[in-house]
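Student: Keeping their order, the protein sequence lines are chains F and A. With the numbering used here as the guide, the letters of the first sequence map in order to residues 309 to 801. With the numbering used here as the guide, the letters of the second sequence map in order to residues 127 to 356. This structure is in structure tokens; I'll ask about it shortly.
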Amino acid sequence: MPDYKPPAKHYVPLGGILAFAGLILMAAIPDFQPYTAWASLILVAYGLISCYSRLQTYLEVQSAKPATEIRVKVQPEGPSFQEVLRAMPDPVMVVSGLEPDDIAGRWVVFANKAAMKLFRMEREGGLLVSYIRNPELLEAVDEALFGNVSRSTVFDETGGAQDRFWQAWTSPLPVEGTGKRLALMVMRDETDVRRIERMRADFLANASHELRTPLASLSGFIDTLRGHAKDDEGARDKFLSIMAAQADRMGRLINDLLSLSRIEMNEHVPPTGDADIPLAVKDVVDSLTILAQEKGVAISVVAPKPGLFPVVGDRDQILQVVQNLTDNALKYAPEGSVVEIEVLLDQALPQATAPVEGQASRLMLLRPDRQLNDVYTVVRVRDHGPGIRREFLPRLAERFYRVEGQKSGNKLGTGLGLAIVKHIISRHRGGLVVESVAAEVPAADGLKPDRVVPLTVDVKTWTAFSAYFPQKSVYGQVPVGPRALEGGLKSAG
Amino acid sequence: MNPHTVKTYGEELDQLSAEVILMGGLAEAQVADAVEAVARRDVALAQSVIQRDQRLDELEKDIERKAIRLIALRQPMASDLRKTVSAMKIATSLERTGDLAKNIAKRSLVISESEPMSGLTRSIERMGKLVSSRLRDVLDAYKGSKLDIAQAVWSSDTEVDEHYNAMFRELLTYMMGDPRTISACTHVLFMAKNLERIGDHATNMAEHIHYEVTGEDYMNERPKLTTMEP
């Protein structure tokens with residue numbers, strides 16, 4: 309709002325003095341010369357005119373003043389403009405600047421709550437570059453400050469665990485008069501739009517690529533059944549069961565792709581509500597006991613009692629994380645071994661992801677953005693399968709990635725399980741770490757990737773996936789008792 | 127903040143670190159854009175990355191000039207001196223980072239002429255994202271003088287190395303499978319190496335930040351991976 313400035317009153321007497329001086333000049337000079345007459349006349353006229361114009365502006369301002377006063381009076385009753393802006397869901401910022409080449413002179417003079425969250429600001433003001441480093445955005449701000457240009461810029465937040473896209477409008481604000489310049493910046497979240505675009509492309513590419521193989525085999529068998537295997541009873545049964553398996557696989561693939569898309573869609577929206585990890589572990593183990601018995605694999609669980617230590621999360625999604633990790637472990641666990649599930653509370657995120665002492669290679673597949681209180685609940689699922697060699701670890705959570713040399717044979721997987729796990733954990737702002745000790749393989753010439761991985765029970769080799777979910781607060785001392793599942797153990801014994 | 131007797135002295139110091147942050151933002155964007163140019167086979171973006179590198183060079187010179195001027199005229203002591211010196215050193219690291227990003231963009235122009243290799247470019251994208259996040263963390267640490275973030279960046283360098291080694295293997299398999307891809311794969315290998323070196327520069331900067339804040343050098347050995355045979 310422009311400040312009310314009183315008119316320059318001293319001009320009125322000045323004009324009067326000039327006019328008066330002119331009159332005196334006229335009267336005082338005895339021998340009346342034409343040029344003195346003209347000069348005094350001009351003085352009088354100028355004085356009168358300036359008197360009149362000043363008076364007029366003064367009167368105008370006076371008549372306008374009551375309106376200003378009313379506006380000012382209204383404000384204290386309702387919320388101020390700043391309060392209104394603070395409550396807005398879209399980030400809003402006001403930036404001031406002094407000179408074009410003085411970067412340290414650009415200050416954030418106002419930022420609402422959303423802007424403070426977006427740029428991780430600790431206070432409402434401060435140096436502009438300490439919050440915004442994006443060169444395009446800074447350029448747009450400069451143009452608004454010094455070039456009086458309003459425009460919109462699209463920028464993305466890179467480097468974070470979740471990709472986000474923003475559209476920013478920058479426009480100049482009226483100058484205050486002290487040489488300071490102001491610019492307004494309003495941002496809008498465009499992540500949804502961009503995500504939908506990208507996901508449609510991804511989904512189509514994945515679906516068409518991955519469905520082609522089972523589809524080809526299906527149509528091949530159909531041709532055979534129509535052709536020379538028409539009357540062969542035995543072959544027909546065999547083919548039909550293969551076809552059923554392929555159709556199953558296609559169904560699972562589509563389900564997984566759809567759920568991956570759904571999760572990716574909401575990845576930038578943090579979940580609300582409470583989820584109980586020990587309970588999820590219990591549910592998963594209960595549902596997988598029969599499968600484990602069939603395979604001759606035991607499941608052992610070490611976890612605190614369910615119902616006491618919730619994390620912020622979506623219950624179904626956390627269940628899916630535990631389910632996928634356990635499924636995965638069961639897939640690679642050899643007969644007679646134990647799959648260990650552990651739930652640990654109050655864990656700090658391992659900042660050092662360097663491989664720990666000994667043989668285990670360790671890699672962070674997903675690193676959460678830094679938060680103020682970093683305490684996590686960890687679910688660790690460990691199997692004693694052949695292990696994964698270090699060079700394969702970085703690509704593990706990639707969709708459709710298979711570790712070289714691992715036979716997919718009877719292991720029915722879509723290759724999406726870990727990708728789903730990763731995206732769910734990313735949505736929960738958590739982390740995922742893989743550790744593994746792989747079987748020693750005699751190194752050949754160091755160039756050839758070794759394709760043979762022995763599939764025997766080896767106590768020394770193992771793979772563990774640890775999923776980290778942020779806790780609301782530190783729980784402190786928690787009694788943890790071992791809770792083995794009899795069913796699974798019996799079959800192993 | 128310790129107030130200085132002469133106000134403009136403090137302003138000059140602030141200006142120096144503000145310019146380093148600005149330069150950091152530019153370097154960050156260069157790396158991100160170069161990687162995106164590779165992933166999307168975007169020739170125009172690659173060319174703009176190559177052109178923008180000049181701006182980084184100019185900024186580095188400017189920061190150096192200002193730092194030398196500050197040392198000559200104000201004779202900074204203790205933390206102010208460290209601030210000045212580390213601004214200069216970090217600017218040099220950022221300039222190198224920009225050069226490496228420019229090199230990635232140049233190579234992306236070459237490989238955009240050959241057949242698309244979506245598997246490989248996806249690996250580059252993943253590695254690029256990791257390196258970007260380290261750059262972002264280290265600049266956050268610089269602007270807030272946060273030692274713990276700098277420490278975390280410093281100790282997680284092996285992650286980038288792991289990715290580089292994985293890519294090296296992947297590329298070997300590709301090249302052995304189809305010798306016609308060797309020329310393109312070599313360019314991708316150099317891109318991965320460049321990204322790995324950008325990661326090293328992030329580690330360097332973390333060390334400079336540690337020096338700026340504490341006045342002490344890093345005593346520990348750098349975490350290193352030695353899976354690769356020499």
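Positions of the beta carbon are idealized from the N, C-alpha and C atoms, including for glycine.
(1) Skipping 5 residues on each side, what residues in its chain have a beta carbon closer than 7 Å to that of Tyr344 (chain A)?
(2) Asp409 (chain F) to Leu185 (chain A), Cα distance in whole Å?
(3) Among F:Leu653, F:Asp471, F:Leu701, F:Phe773, which has the Cα closest to the Cα of Thr685 (chain F)?
(4) Mind pulling the alpha helix (DSSP H) runs of 4 or more residues that sit fully within the region 271-321 of chain A?
(5) Compare the beta carbon distance of Val651 (chain F) and Ile696 (chain F) with 8 Å and say whether it is the shorter of the two.
(6) Is Met396 (chain F) buried or exposed, if buried means 16 or more other CB atoms sit within 10 Å of its CB?
(7) Evaluate the contact criterion for the region 226-233 of chain A versus the region 171-182 of chain A: three or more CB pairs, one atom per stretch, below 8 Å.
(8) Strictly under 8 Å for the Cβ-Cβ distance: is Arg737 (chain F) near chain A by that measure?
(9) Please report the straight-line C-alpha distance between Arg384 (chain A) and Val416 (chain F), rounded to a whole angstrom.
(10) Among the candidates F:Asp691, F:Gly739, F:Val483, whose CA atom is the shortest distance from the CA of Asp677 (chain F)?
(11) Rank F:Ala345, F:His576, F:Leu548 by C-alpha distance to the C-alpha of Asp531 (chain F) and give the top, closest one.
(12) Please determine, among F:Val741, F:Glu643, F:Tyr776, the residue with the shortest C-alpha to C-alpha distance to Gly693 (chain F).
(13) What does the alpha-carbon distance come out to for the pair Met302 (chain A) and Ile308 (chain A)?
(14) Compute the distance between the beta-carbons of Val689 (chain F) and Ala772 (chain F), then report whether it is under 8 Å.
(15) Nearest to Met493 (chain F) by CA position, among F:Leu568, F:Ser645, F:Val403, is which residue?
(16) Assign Arg249 (chain A) to one of two classes, buried (16 or more other C-beta atoms within 10 Å of its C-beta) or exposed (fewer than that).
(17) Among the residues of its own chain, which have a CB less than 7 Å from the CB of Met214 (chain A), if the five just before and after it don't count?
(18) In whole angstroms, what separates the C-alpha of Ala419 (chain F) from that of Gly433 (chain F)?
(19) Please report how far the alpha carbon of Thr340 (chain A) lies from the alpha carbon of Ser212 (chain A), in whole angstroms.
(20) In the DSSP output, which residue or residues are listed as bridge partners for Arg431 (chain F)?
(21) Go ahead and label Trp346 (chain F) buried or exposed: buried means 16 or more other beta carbons lie within 10 angstroms of its beta carbon, across all protein chains shown.
(22) Span of the alpha helix (DSSP H) holding Leu724 (chain F)?
(23) Residues of chain A with a CB under 8 Å from the CB of Leu701 (chain F): which are they?
(24) Secondary structure at His336 (chain A), three-state DSSP: helix, strand or coil?
(25) Check whether the region 621-636 of chain F touches the region 235-254 of chain A, counting contact only when three or more Cβ pairs, one atom from each stretch, lie closer than 8 Å.
(26) Going along the chain, which residues of its own chain have a beta-carbon closer than 8 Å to the beta-carbon of Leu261 (chain A), five neighbours each way excluded?
(27) For Lys756 (chain F), does the three-state DSSP call read helix, strand or coil?
(28) Along the chain, where does the alpha helix (DSSP H) containing Pro586 (chain F) start, and where does it finish?
(29) Is it the case that the Cβ atoms of Gly254 (chain A) and Val169 (chain A) are separated by a distance below 8 Å?
(30) Can you give the Cα-Cα distance for Leu436 (chain F) and Gln390 (chain F), rounded to whole angstroms?
(31) Classify Gln625 (chain F): buried if its beta carbon has 16 or more other beta carbons within 10 angstroms, exposed otherwise.
(32) Would Leu321 (chain A) and Val257 (chain A) qualify as a contact pair, given that the criterion is a beta-carbon distance under 8 Å?
(33) Keeping to the same chain, check which residues put their C-beta closer than 8 Å to that of Glu285 (chain A); ignore five residues upstream and five downstream.
(34) Quick check on Arg191 (chain A) - is its C-beta less than 8 Å from some C-beta in chain F?
(35) Where DSSP assigns a beta bridge to Glu648 (chain F), which residues make up the other side?
(36) If I measure Cβ to Cβ from Gly789 (chain F) and keep anything under 6 Å in the same chain, skipping five residues before and after, which residues do I get?
Tutor: Put simply:
(1) Glu333, His336
(2) 12 Å
(3) F:Leu653
(4) 273-281, 283-303
(5) no
(6) exposed
(7) yes
(8) no
(9) Any question about residue 384 (chain A) goes unanswered here, given that chain A covers just 127 to 356.
(10) F:Gly739
(11) F:Leu548
(12) Of F:Val741, F:Glu643, F:Tyr776, the smallest CA-CA separation from Gly693 (chain F) is found for F:Glu643.
(13) 8 Å
(14) yes
(15) F:Val403
(16) As written in the sequence, residue 249 (chain A) is Ser, which differs from the Arg given in the question. Buried, by the Cβ-count rule.
(17) Ile189, Glu190, Ala193
(18) 7 Å
(19) 12 Å
(20) Paired residues: none, contrary to the question.
(21) exposed
(22) No alpha helix (DSSP H) contains Leu724 (chain F), which DSSP labels as neither H nor E.
(23) Glu288, Ala292
(24) helix
(25) no
(26) Gly150, Ala153, Glu154, Val157, Thr223, Ile324, Ala328
(27) Unreliable positioning characterises Lys756 (chain F) in this predicted model, as indicated by a pLDDT of 41, which lies under 50. The coordinate reading is nonetheless provided below. Three-state DSSP puts Lys756 (chain F) in coil, outside helix and strand.
(28) 585-603
(29) no
(30) One C-alpha to the other measures close to 19 Å.
(31) buried
(32) yes
(33) Leu256
(34) no
(35) Answer by DSSP bridge pairing, in chain order: F:Ser608, F:Arg690.
(36) Only weak support exists for where Gly789 (chain F) lies, its pLDDT of 45 falling under 50; the coordinates are left without a value.
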